[in-house]
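Please read the structure below before turning to the comments.
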Amino acid sequence: MKFFITGSDTNVGKSFVTASLLRAFLEQGAKAVALKPVQTGYAENSRIPSQSLEPDFKEYIKAGQNADFKATCYTFAYPASPHFSAELEGKKIKARGILDFIEQNLAQITLIEGAGGILVPLNESQSFLDIAKELNAPVILVCKNCLGAINHVLLNLEILRQNSIKLAALILNFHDENDAICLSNQQFLQKKLSCPIITLKNYKNNENYSNSAKDFRAFISKFLDKE
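To convert a position in the sequence shown, counted from 1, into the working numbering, add 808.
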């Protein structure tokens, strides 16, 4: 079983959700791995120990992934859109290379985290949408639950519908049960979507993701039952 995790924007918590999902699957005894095919903002030859691993991969390790596992196939130093970060280093990202990397690292449960949103470009003609379509994997969409979330979610939903991609779940991150806008967003989207909507608060001191993993137990159970 494969899942493609994408966001409505950058810095909405994709890595947090991916690591939480990974932890949830591992706690239930599944053989699960998380992949981050393209990582920007990482200096591969850094001499600083704390920067010796890709930032998102470090979060997967906290959640229980093997530290010797290779989770990334393209890494670039400049923190920007993958196509631009690659251009700065005189390189080019190929969708086929990403797909081959994923194919070589499949597990019982494979979580594939994109960079930014679904239309973020990989090169002049390909984006993460091409990866999602080729994978034929359900998408988990992560959105920050704030003013503007409804528009962001519906735009992404339209793109997925146009390309016959299934939305497995919507994650409303940074959810505040005491905030009227958060509650209104959740209520409105529940009427529009048929998939599960999972709300996550802003967890703190979540070093191994065991707390946030609990919020995904009901969601992942139906997929483990199929195995």
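Built from N, CA and C at the ideal position, the CB exists for glycine as well.
message: Counting only beta-carbon separations shorter than 9 Å, does D876 have a partner in chain C?
response: Annotation note: the requested chain C is absent from the structure, which comprises a single protein chain.
field: Under 9 Å between C-beta atoms of R831 and N1016
entry: yes
task: List the residues that DSSP assigns as beta-bridge partners of Q847.
output: T883
Where the beta strand (DSSP E) through E921 begins and ends: I917 to G925
query: Taking the continuous alpha helix (DSSP H) assigned at T814, which residues delimit it?
result: No alpha helix (DSSP H) contains T814, which is instead part of the beta strand (DSSP E) from K810 to G815.
Burial state of F824, where buried means 16 or more other Cβ atoms lie within 10 Å: buried
- request: State the start and end residues of the unbroken alpha helix (DSSP H) segment that holds E958.
  value: Reading the sequence as shown, one finds Ile at residue 958 and not Glu. Element bounds for I958: A957 to Q970.
- request: Please list, in chain order, all residues of the same chain as G922 whose beta carbon is under 6 Å from its beta carbon, the five residues on each side excluded.
  value: T814 and F936
query: Less than 9 Å separating the beta-carbons of L997 and V961?
result: yes
- prompt: For D987, which option in K870, L955 and C881 has the closest C-alpha, if you only look at C-alpha atoms?
  reply: L955
Residues of its chain near L843, where Cβ-Cβ distance is below 8 Å and the 5 sequence neighbours each way are ignored: A879, T880, F909, I910, N913, T918, L919, I920 and E921
query: CA-CA distance, T826 and I979?
result: 11 Å
message: Using the Cβ count rule (16 or more neighbours within 10 Å means buried), how would you classify Q873?
response: buried
task: Identify, in the order they occur along the chain, each residue of the same chain with its Cβ nearer than 7 Å to the Cβ of P857, setting aside the five sequence neighbours on each side.
output: Residue confidence is low: P857 scores 38 on pLDDT, short of 50, so the model does not pin down where it sits. Its coordinate-derived value is still stated next. Answer for P857: no residue qualifies.
message: As a quick exercise: from G925, N931 and S972, pick the residue whose alpha carbon is nearest that of L943.
response: S972
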